[in-house]
Every structure is written in C-alpha cells, then in structure tokens.
Amino acid sequence: MSLELVCPAGNLPALKMAVDNGADSVYMGFRDNTNARAFPGLNFDVATAQEGVLYAHSRGRKVLLALNTFPQSSTWAQWQEAVDHAVEIGVDAIILADPGLMRYASRTYPEMRLHLSVQGSATNYEAINFFHEHFGVRRVVLPRVLSLAQVEQVAKNTPIEIELFGFGGLCVMVEGRCVLSSYATGESPNTTGVCSPAKAVRWQQTPQGLESRLNGILLDRYGAQEKTGYPTLCKGRYEVNDETYYAIEEPTSLNILEFIPDLLRMGIAAVKIEGRQRSPVYVEQVTKVWRGAIDAARRDMEKYVVRQDWMAQLNKVAEGQQHTLGAYHRPWK
Amino acid sequence: MKISLGPVLYYWQREELLDFYGQAATWPVDIVYLGEAVCSKRHSLRTSDWLELAQQLTAAGKEVVLSSQALIESESDLMTLRRLADNGTFAIEANDMGAVRLASGDRFVVGPHVNTYNPHTLSIMAELGAQRWVMPVDMSRQMLVDMLAAKPEGIETEVFAYGRLPLAFSARCFTARHYNLSKDDCRFSCQEHPYGLGLNTREGQPFLALNGIQTQSASVYNLAAELGDMSDMGVDVVRISPQPLNTGEVAALFRQSLDGTLPATDAAASIAQFMPDAACDGYWHGQAGIAQSQALTM
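Chains as they are written, first to last, in this note's numbering: chain A, 119 to 451; chain B, 1186 to 1483.
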C-alpha cells in the first residue's frame, strides 16, 4: 500500500526542495506553451530539465513531464519535438492531454510511460479506458469534479492508476473544458498554457477602491481592508441580479489531508500537489507536511488524524487562506 | 452549406421544448441535434421522449443527431449515454471521450466539447467512424484553414456560428449557488432562466451567463457575416444554438444569406435585433472571444 507524492517544480530550486523534502516524484514543464503553466520566468529549458532529472534520479525519485496543452496545426512540430526532448532527457513519464500527440508518443516511443493529464478531461471510466486502449496510457490524473464515491467507482472500473489532486489552487471548472480566459484575453490553458495571463492584468487605485482588470474587464474591486489575490477570472466578484459576490468561486485552496486514509484504502496510486507557479518555499512547506501525513497514515491508518501543526504550516502558504475539500466532499458541489 | 440546430443548452419546460421542435420542423434547417448536453438532473424530456422527437423530425425531413452530455461523472450518466449510443437508428454527437469510445465503429459526430485542435486528433476520430466534427468554439478562422488543409477524407466540418458561447463546465451549479442552494437540492432554479442568468462586472458590463453547471458568454457569437467565407473555405455545416425566442427567424436569415438572396453583412445586422445581448466574433478572428470586429446596426 503506497501513495506516491507528486510535487510541483516550476524551476530547479523548487525541484530540489521537493526531492529533498520527501516527494516521490516531481512534475515539471518545458519553458514554452507546451504545458498548462506557461508563465513568464517559469519552467525548464532542456538542459536545466536534464539537470533536474539527474538530481531526482540520483536520489531515487521520479520526474514527470507535463506536456498537457493542445497543439494546433501550426505548432504541432514544437509539441512533437517536446515529446522527443522528454524522452532524450530520460523523464519517467510524459503527462499528455491531446490524443494526436499521444498517438505520436506511443508509436514512436512504445516503452515510454504515458499519463493522461487532468487537461484530458477524463471524468468517467469509459473516457479513461479509451485512452488506455488506444495509447496505452498507464495513469490518469482526475479532474477536480468527482466526489470520493465517484472516484472509487472510476477506480473499480479501469485497469490504470489513478492520481488525484490533493492540495493547492482549485480550478472550479473541469480542466480542459474552460475557455473563460481566452474569452476575455485570447489566451487560455488549452491552446496557450495560461489562465488569466499576467500581461493582461492591470491594477488601478480608484476612488471606489483598488481595481483589478483583465484585458480591461473589471474582475474585482477591493476595499482598503480587503486582502487582494491574483485576479483569476473565475475568482472575481460579479453582479448577478443586483447582488455582488463571488459568483463562481471564492479564492480557496484545495486540501484533502483528512482523506489520506481513504485514498490508501481505495488504492489510489498518487496524490498531486498543485503549484508549479509557486515559490520553492511553498514547495518545501507543502511537500514536508504531505510527506509526514502520508507516512503517518501508512504507519497506522486507524489512528491517523490531521495534526494542527500541519494545518498551520499549510495555512501559511494557501491561496486565500481558506481550505476546501472541493468536489471530493459532495456538499461542495 | 447546411444549417444545423444545436442542442438546447438551457432547461426549458416540457411544453416549451415540444413547441420549439414542432416549429423547428418547419424551419430551413437541415440537421437537428437533440438531447440534454449540460445537466443530468434536467428531465423535462426523458431519453424516450427525445427518441420520439427524433422520429418526428426525421419524418419532417431533418437529419437528427442525439447529443450526449459534456460532463459525465456518475454511473447513471453512463447508463444514459449507453442508451443513446445503442439507440440503433440515430448517430450521436459525442461530447466526451467516453462517448467517443461507445460510439466507435458507428457513425458519430465529434461534438464541440471534445478538444479536436489538430489534424492528428481529427484523423483518429475519423478512423473511429466520425462522420463530422464540430470545431471547438475558441478556434480561429486561421486555425480552421490549417485544419482543413490536412483534414482526412470524408469527414464534414461544422462551425458553431450563432448563440451564446458555451465556455466552461463545472462540477458546481452556479445557478443553484446564486440562490444559495446546493446542487443536490437545486430546485431546478435554472428553469427560471431560459437564456441563462446574466452575470455583470461590478461596473455593469454584461460578461457571462450562468446556465447551471455551464458558463456561457453574455455576448452572442454571430458569424452570419462570415457565411460566404466559410462556404469558400469548405465548411459543411453552420450551427445555430437555440434561444427561446426568434430562433426560426435567425435560421431564415442564415438561409437567405446562404442562398444569396441577402448580403451576409445585412443578415448579420438583421440577426442582431433578435439577440439577447451584444454580438461578438473575436474567436473567429483570433482575438479575445468577447471582441466584436465591426459594429452591427440594430
């Protein structure tokens, strides 16, 4: 019974923090639009990625490469080349979303381990088994829309490994099925690897308060005492029927520490920490807490309880300073 | 070019749906997509009702396709999907890879909610039996030109050309959230909003429309001015997404434009009077979806 801890690496220092603090594997992306965290200054060129792989492998840890945006006709060659580079530097698995790219990878590198990205939007076992049958996909990262009972049902009906998001920023929409960002800015995760891109964000102090705008569209307005957050489109405050509120989602972090025994019981293969865009300090803190929690649950599942100091550590780095169990806990839906 | 009527994305009363499709039988549309594509809790028509409607519309000379739900989570969602896929008569529009798996080997349509962004993925769909694909709404004209240049033989191309854009799906119901109801006890609050529930920015700019678990654009995608160009490019079908009022008028204007009896820009301008909100066409032009390339006179 094991539960692989998969931690984010937005750069080499973060990768080392993850490895040094107990990640079983780290995931990263190349420094371009081929992954869904294509933020300026983030991610790895091929040489640095190679360095990261060597660092992790020399300590017995794995590296997963996210190549989870959707290539278009005009950009296909770049995505295909990214698959080639991933194989060359010796990553342990490639995380893909696009069927065309999966076919290329599975035919060209039949030994390469393929994971289905959360961006592949596979929310049921028929969809998961489609990717398994056609491309030999060996693990699926489930979108953050299923309840725990639904996750269990999926796990029972597919032969492949299941990876779940356990902590971090929460997409309230089904990943791979949200183009809100490109509706406002022209760019979204599916095609360009960004959501609510920083270059489209403007902050402006006005008599009504501090305003955040995305490509000119007002996302929120903050009073003097209010804490501001990154202006992600779905986490703004809007007016619906003359009521102003977080109409889509409040800024909160997903945190399912309390479900670790359930994940172990259900045979979930891996739990993923979100946040390649976050600092090495975030990676260090979150990895340390989750390593401790998983080890505690594995030592004695019956006596496992979420420790207060774990929560205090996580609260320091959580987005919006609030936690939710997300869709895993049905009432959230 | 053929005109299709997309699935009704809103939750309308049974009588409204039956009345709508009774009229649609007389409209100048070639293809009608039927079924509940958004939320499994909606039940004013059951699968058997949809199949009966399908027979009636076929008798009226329409090609009928049964649309599957975009977000399939539960075993009961899968049961509904299997029932659609096994209907034995009508092709399905697969809006999820699970639906693609079940439809493989039969003729089917790849819906707009399957991410078909490149010719390699499209080829896989064609090999599995797809007769038509609907372009994802965020793809531009140029991306489509590139796709069509490498498109597999024998597969038709359909473009979402009119209606509020379906932009996102969630596990959460935002209409229920507005009424402080849980999704499990939503009281079908989306039925009160036959065009979706408008969401404005804090300075009153119409931005989005909440439609249960689906989020749409507030602006109405209107590519009527592009019909001639699409026809020249090799688009086979243009889709009109149903709205509660004047969908037939919109279809008639599309038809007149395609028949050459009304200039495309005039059709686009005439259609503007039937729209619940401002027009947008940014995606087609490779810009932010909300953008509108030219002023349409009301």
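Glycine residues also receive a C-beta, built at the ideal position from the N, C-alpha and C atoms. In this text the structure is predicted, and so the values were computed from the model without any measurement.
Report the three-state DSSP secondary structure of residue i (helix, strand or coil).
i	result
Ser-1367 (chain B)	coil
Lys-390 (chain A)	strand
Gln-431 (chain A)	helix
Pro-349 (chain A)	coil
Leu-1412 (chain B)	helix
Ala-195 (chain A)	helix
Thr-226 (chain A)	helix
Thr-1482 (chain B)	Confidence in Thr-1482 (chain B) is poor, its pLDDT being 42 and thus under 50, which makes the residue's placement unreliable; the coordinate value appears in the next sentence. In the structure shown, Thr-1482 (chain B) sits in coil (DSSP, three-state: anything other than H, G, I, E or B).
Ile-366 (chain A)	coil
Gly-1348 (chain B)	strand
Ala-1476 (chain B)	coil
Asn-1407 (chain B)	strand
Lys-180 (chain A)	strand
Glu-1248 (chain B)	strand
Tyr-1195 (chain B)	coil
Glu-344 (chain A)	coil
Leu-443 (chain A)	coil
Arg-1268 (chain B)	helix
Taking only the alpha-carbon atoms, compute the straight-line gap between residue i and residue j and give it to the nearest angstrom.
i	j	result
Met-384 (chain A)	Ala-240 (chain A)	19 Å
Gln-1401 (chain B)	Pro-1351 (chain B)	5 Å
Leu-1481 (chain B)	Ala-1453 (chain B)	At Leu-1481 (chain B) the pLDDT is 48, less than 50, meaning the model places this residue with poor confidence; the figure from the coordinates comes in the next sentence. Their backbone Cα atoms lie some 7 Å apart in a straight line.
Arg-416 (chain A)	Ser-143 (chain A)	18 Å
Ser-1416 (chain B)	Gln-1458 (chain B)	24 Å
His-250 (chain A)	Pro-1304 (chain B)	21 Å
Ala-273 (chain A)	Ala-184 (chain A)	22 Å
Ser-1426 (chain B)	Val-1294 (chain B)	16 Å
Asp-418 (chain A)	Ser-1289 (chain B)	46 Å
Leu-1382 (chain B)	Glu-357 (chain A)	11 Å
Leu-1430 (chain B)	Cys-296 (chain A)	27 Å
Pro-1321 (chain B)	Arg-1349 (chain B)	14 Å
Tyr-1302 (chain B)	Pro-189 (chain A)	7 Å
Asn-129 (chain A)	Gly-1220 (chain B)	47 Å
Val-435 (chain A)	Gln-403 (chain A)	8 Å
Ala-1245 (chain B)	Met-1310 (chain B)	30 Å
Gly-218 (chain A)	Ala-430 (chain A)	44 Å
Met-1483 (chain B)	Asp-1462 (chain B)	Note on Met-1483 (chain B): pLDDT 39, under 50, position unreliable in the model; no value is reported.
Name the two residues that bound the continuous beta strand (DSSP E) containing residue i.
i	result
Phe-285 (chain A)	279-287
Asn-373 (chain A)	371-373
Ala-321 (chain A)	Reading the sequence as shown, one finds Trp at residue 321 (chain A) and not Ala. Start and end: 319-324.
Ala-1315 (chain B)	1315-1319
Lys-1187 (chain B)	1187-1190
Pro-1391 (chain B)	1391-1396
Residue j and residue i - do their beta-carbons sit closer together than 7 Å?
i	j	result
Ser-1261 (chain B)	Tyr-1218 (chain B)	no
Asp-1421 (chain B)	Glu-1341 (chain B)	yes
Cys-1465 (chain B)	Gln-1477 (chain B)	yes
Ala-245 (chain A)	Met-1324 (chain B)	no
Ser-1355 (chain B)	Tyr-1364 (chain B)	no
Thr-110 (chain A)	Ala-136 (chain A)	With chain A represented from 119 up to 451, any question about residue 110 (chain A) goes unanswered, as that position is not in the structure.
Gly-334 (chain A)	Gln-1472 (chain B)	no
Leu-1408 (chain B)	Ala-1449 (chain B)	no
Pro-379 (chain A)	Lys-353 (chain A)	no
Gly-238 (chain A)	Ala-215 (chain A)	yes
Gly-1273 (chain B)	Arg-1292 (chain B)	no
Leu-1333 (chain B)	Gly-1419 (chain B)	yes
Leu-288 (chain A)	Gly-444 (chain A)	yes
Trp-197 (chain A)	Thr-152 (chain A)	yes
In chain A, which residues lie less than 9 Å from residue i when you measure between Cβ atoms?
i	result
Gln-1316 (chain B)	Here the premise fails: no neighbours, minimum Cβ distance about 18 Å.
Under 8 Å between beta-carbons, which chain B residues line up against residue i? List them in chain order, please.
i	result
Ser-191 (chain A)	Asn-1303, Pro-1304, Met-1328, Asp-1331, Met-1332, Ala-1334, Ala-1335
Glu-357 (chain A)	Leu-1384, Asn-1385, Thr-1386, Arg-1387, Gly-1389
Arg-339 (chain A)	Arg-1387
Leu-264 (chain A)	Glu-1258, Ala-1356
Ends of the alpha helix (DSSP H) at residue i?
i	result
Val-269 (chain A)	266-274
Phe-253 (chain A)	243-253
Chain B partners of residue i, CB-CB under 9 Å?
i	result
Asn-333 (chain A)	Ala-1473, Ile-1475
Ala-245 (chain A)	Ile-1257, Asp-1281, Met-1282, Gly-1283, Ala-1284, Val-1285, Arg-1286
Asp-216 (chain A)	Asn-1300, Tyr-1302, Asn-1303, His-1305, Thr-1306
Trp-194 (chain A)	Asn-1303, Pro-1304, His-1305
Arg-221 (chain A)	His-1305, Thr-1306, Ser-1308, Ile-1309
Gln-268 (chain A)	Glu-1258, Ser-1259, Glu-1260
For residue i, which residues in chain B fall below 7 Å Cβ to Cβ?
i	result
Met-291 (chain A)	Ala-1353, Phe-1354, Ser-1355
Against residue i, what residues of chain A qualify as contacts under a CB-to-CB distance less than 7 Å, listed in chain order?
i	result
Ser-1252 (chain B)	By Cβ distance, chain A contributes nothing, its closest Cβ being about 15 Å from Ser-1252 (chain B), past 7 Å.
Glu-1260 (chain B)	Gln-271
Which residues of chain A have a Cβ atom closer than 8 Å to the Cβ of residue i, listed in chain order?
i	result
Ser-1402 (chain B)	Tyr-301
His-1363 (chain B)	Val-358, Asn-359, Glu-361, Ala-365
Val-1430 (chain B)	A small fix is needed here, since residue 1430 (chain B) is Leu in this sequence, not Val. None at all; the shortest Cβ gap to chain A is about 21 Å.
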